[in-house]
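Under the UniProt record's numbering, think of the first position of the sequence shown as 1, with each following residue one higher. A virtual CB, placed ideally from N, CA and C, is assigned to each residue, including glycine. Model, not experiment: these values are computed from the prediction.
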Amino acid sequence: MELEGKLIIITGVSKGIGLATAQTLLENGAVVAGWGRNKPQFEHPNFHFFQTNVQSQESVENAFQETTARLGSEIAGLINNAGFGIAGKFEEQKVEDWQAMFRTNVDGIFFCTRLVLPGMKKQGYGHIINISSIAGTTGIEEMSGYCATKHAVRGISQSLYKEVRNYGVKVTCIYPGSVQTNFFDNIDSVTANENMMQPSDIASTILHVLQSPPNYHHVDIEVRPLMPKGRQKQ
1 MELEGKLIII
11 TGVSKGIGLA
21 TAQTLLENGA
31 VVAGWGRNKP
41 QFEHPNFHFF
51 QTNVQSQESV
61 ENAFQETTAR
71 LGSEIAGLIN
81 NAGFGIAGKF
91 EEQKVEDWQA
101 MFRTNVDGIF
111 FCTRLVLPGM
121 KKQGYGHIIN
131 ISSIAGTTGI
141 EEMSGYCATK
151 HAVRGISQSL
161 YKEVRNYGVK
171 VTCIYPGSVQ
181 TNFFDNIDSV
191 TANENMMQPS
201 DIASTILHVL
211 QSPPNYHHVD
221 IEVRPLMPKG
231 RQKQ
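Rendered as structure tokens:
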């Protein structure tokens, strides 16, 4: 897809992968509607911020209405990036933490995607990109809640692409390994470090996927740091 002038919505745009992706797409000519709880310290004439809490259906619907009223209804892409994880032993996981992860990581995708799909199907093109995690392909000790949400993202993506592919709409699920972001602020067992992938690395993958030819469809993409513990010495 040619990105010049195309409208792309990005959730979780305040920092990390979302902000890096917004910057990358803007550099390539896109118009970005950034949905997030906090406005990033970033300015660009084609960047438009809409305060949004993806846990709330009402908040998402308001953001959608404001976005289309200001920027038009022809939405070329939606990047469902908002998400977080809280570690804990299964029997010790707080119910409110479990529910909050599902509301953001799973319900948020449902609330956002259901609004853009009718227009994409009508216009005959569009791209939904869901950011899962390698936690969506395996189990991780003391991360059962987060893994459950990211497995759900995988299931949504796998089902949805089969529903909409014949309308010309793509659905891609990306499974990153460790990325140096604030995600690990709530994970005591892991400290973010420079050997992890960078948010800009994931943004480059998203750019590549969006720019692919119309009849070429990336369904699942797993990405990991090559040397997560640094270069091994001989």
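For this session: Name, in chain order, the residues that DSSP records as bridge partners for Met197.
Result: Residue 197 sits at position 197 when you count from the first residue of the sequence shown. Looking at the DSSP assignment, Met197 forms a beta bridge with Val179.
For this session: Quick one: grab the DSSP three-state call for Leu25.
Result: For this step, residue 25 is matched to residue 25 along the sequence shown. Correct three-state label for Leu25: helix.
Problem set entry | Inter-residue Cα distance where the pair is Met227 and Gly85 | Here residue 227 refers to the residue found at position 227 of the sequence shown. Here residue 85 refers to the residue found at position 85 of the sequence shown. Looking at the two C-alpha atoms, the distance is approximately 23 Å.
Exercise. Is Glu222 helix, strand or coil by DSSP?
Worked result: Taking the sequence shown and counting its residues from 1, one reaches residue 222 at position 222. DSSP places Glu222 in strand when its eight states are reduced to three.
Problem set entry | Euclidean distance between Cα positions of Ile128 and Phe90 | Stepping through the sequence shown from its first residue, residue 128 is reached at position 128. Stepping through the sequence shown from its first residue, residue 90 is reached at position 90. Cα to Cα, Ile128 sits roughly 32 Å from Phe90.
Exercise. Residue ranges of each alpha helix (DSSP H) run of no fewer than 4 residues wholly in the region 51 to 98, ordered along the chain?
Worked result: Runs of alpha helix (DSSP H) with 4 or more residues, each lying fully within the region 51 to 98, are found at 57 to 71, listed in chain order.
Exercise. Could you give the distance in angstroms between the alpha-carbon of Ser62 and the alpha-carbon of Tyr146?
Worked result: Taking the first residue of the sequence shown as 1, we reach residue 62 at position 62. Taking the first residue of the sequence shown as 1, we reach residue 146 at position 146. In the sequence under discussion, the amino acid at residue 62 is Asn, which differs from the Ser named in the question. Looking at the backbone, the Cα of Asn62 and that of Tyr146 are separated by about 27 Å.
Exercise. According to the Cβ coordinates, are Gly136 and Asn81 closer than 8 Å?
Worked result: Locating residue 136 in the sequence shown gives position 136, counting from the first residue. Locating residue 81 in the sequence shown gives position 81, counting from the first residue. No, the Cβ-Cβ distance between Gly136 and Asn81 is not below 8 Å.
Problem set entry | Residues sharing a beta bridge with Thr11, DSSP | Counted from its first residue, the sequence shown places residue 11 at position 11. Thr11 is bridged to Trp35.
For this session: Closer than 7 Å by C-beta to Ser98: which residues in its own chain qualify, once you throw out the five before and the five after it? Chain order, please.
Result: To locate residue 98, count along the sequence shown from 1; it is residue 98. Checking the sequence, you will find Trp at residue 98 rather than Ser. In the same chain as Trp98, and ignoring 5 residues on each side of it, the C-beta atoms closer than 7 Å to its own belong to Gly145, in chain order.
For this session: Can you tell me the Cβ-Cβ gap for Gly29 and Val13, rounded? I've got them flagged as a contact below 8 Å.
Result: Along the sequence shown, one-based indexing puts residue 29 at 29. Along the sequence shown, one-based indexing puts residue 13 at 13. So it is not a contact: roughly 18 Å between Cβ atoms.
Exercise. Does the pairing of the region 195 to 211 with the region 174 to 184 give three or more beta-carbon distances under 8 Å?
Worked result: Counting Cβ pairs under 8 Å, three or more are found: they touch.
For this session: Using the DSSP secondary-structure output, state which residues sit across from His48 in a beta bridge.
Result: As a working mapping, residue 48 is identified with position 48 in the sequence shown. Per DSSP, Ala33.
Exercise. Do three or more CB pairs link the region 43 to 51 to the region 92 to 107 at distances below 8 Å?
Worked result: Contact between the region 43 to 51 and the region 92 to 107 is absent, because fewer than three Cβ pairs lie under 8 Å.
For this session: Might you give, ordered along the chain, the residues of its own chain that have their beta carbon closer than 7 Å to the beta carbon of Gly83, omitting 5 neighbours on each side?
Result: Here the question's residue 83 lines up with position 83 in the sequence shown. The residues are Gly12, Thr104, Asn105, Ile131.
Exercise. Nearest to Leu207 by alpha carbon, out of Leu25, Ala152, Gly168, Ala20?
Worked result: In the sequence shown, residue 207 corresponds to position 207, counting from 1. Taking only the C-alpha atoms, the option nearest Leu207 is Leu25.
For this session: Note the first and the last residue of the continuous beta strand (DSSP E) segment covering Gly124.
Result: Your numbering for residue 124 matches position 124 in the sequence shown. Where Gly124 is concerned, there is no enclosing beta strand (DSSP E), given that its DSSP letter is neither H nor E.
Exercise. Are there 16 or more other CB atoms within 10 angstroms of the CB of Ser159, so buried, or fewer, so exposed?
Worked result: Here residue 159 corresponds to residue number 159 of the sequence shown, with the count starting at 1. Under this definition Ser159 is an exposed residue.
Exercise. How far does the alpha helix (DSSP H) with Ala152 in it reach, from first residue to last?
Worked result: Translated into the one-based positions of the sequence shown, residue 152 becomes position 152. Membership of Ala152 in the alpha helix (DSSP H) is indicated by the continuous run 144 to 164.
Exercise. What separation, rounded to the nearest whole angstrom, lies between the Cα atoms of Val219 and Tyr175?
Worked result: Taking the first residue of the sequence shown as 1, we reach residue 219 at position 219. Taking the first residue of the sequence shown as 1, we reach residue 175 at position 175. In this structure, the CA atom of Val219 is about 11 Å from the CA atom of Tyr175.
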